[in-house]
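Peer 1:
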Amino acid sequence: MKSGKRVFHDLYEHHWANDTLSPLSLGRYEKLANKMVAEDETVYSALLGQGSSLSLTNQVILVLATNKNLIVRRQTGDIRSKDLIIPYARFKSLTLLRDSHNYHRYYAKLRYRTHRFGKIRVLKFEILDPTSAFHFEEFVEQKSAKNNH
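The sequence shown begins at 299 in the working numbering and counts up one residue at a time.
1) Rounded to whole angstroms, how far is the Cβ of Leu324 from the Cβ of Asn316, which I believe are closer than 8 Å?
2) Classify Ser430: buried if its beta carbon has 16 or more other beta carbons within 10 angstroms, exposed otherwise.
3) Give a yes or no on whether the C-beta atoms belonging to Tyr405 and Ile425 are separated by under 8 Å.
4) Who are the Cβ neighbours of Leu395 in its own chain at under 6 Å, not counting the five residues just before and after it?
5) Please indicate yes or no: does the CB of Val361 lie closer than 7 Å to some heavy atom of the ligand SAH?
6) First and last residue of the alpha helix (DSSP H) that includes Tyr410?
7) Quick check: Phe423 and Ile359, are their CB atoms within less than 8 Å of each other?
8) For Ile377, which of His402, Asn356 and His312 has the nearest alpha-carbon?
9) Based on Cα-Cα distance, which residue from Thr318, Phe434 and Leu309 lies nearest to Ser391?
10) What does the Cβ neighbour count give for Lys444, buried or exposed, with the cut at 16 atoms within 10 Å?
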């Protein structure tokens, strides 16, 4: 499994840009990316987010787009959830929304089909860097179009 530093090195090699977050705030995402991606996979884009600001717990969300899958990892405090691996064939859509009350906030809705019963699930979270979100959306739409046709 790749280290967090190698994951972010892959991202920067593939022209992923982060305009909003400082290197200090990227540190927690680098730690979260540790041992998240297999050695044979290449990371092309990432979506950095957090749970709702109205929530009592601070949830950190990292979505990585590799050459094979989308990988989602969530962490609340010290508790890390099991990785959610979404093949591009089960990916449905990604919608980027702007908050109507606060124009500096963006949200993402990631829709995918579950493996067991084929239900549609939605993962909604606040995006921390809109620039990287547009790069992520473009890459994922291209990749899912190739796999679904």
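Every residue, glycine too, gets a C-beta built ideally from N, C-alpha and C.
Peer 2: Result, derived from the coordinates:
1) Leu324 to Asn316, Cβ: 7 Å. Contact.
2) With 16 or more neighbouring CB atoms inside 10 Å of its own CB, Ser430 falls in the buried class.
3) For Tyr405 and Ile425, yes; Cβs fall inside 8 Å.
4) Closer than 6 Å at Cβ, skipping near neighbours: Tyr405.
5) This structure lacks the ligand SAH, and indeed carries no ligand of any kind.
6) That residue, Tyr410, is in no alpha helix (DSSP H); its beta strand (DSSP E) goes Tyr404 to Arg411.
7) Taking 8 Å as the cut-off, the beta carbon of Phe423 is found closer than this to the beta carbon of Ile359.
8) Comparing Cα positions, the closest option is Asn356.
9) The candidate whose alpha carbon is nearest that of Ser391 is Phe434.
10) Around the beta carbon of Lys444, fewer than 16 other beta carbons sit within 10 angstroms, so the residue counts as exposed.
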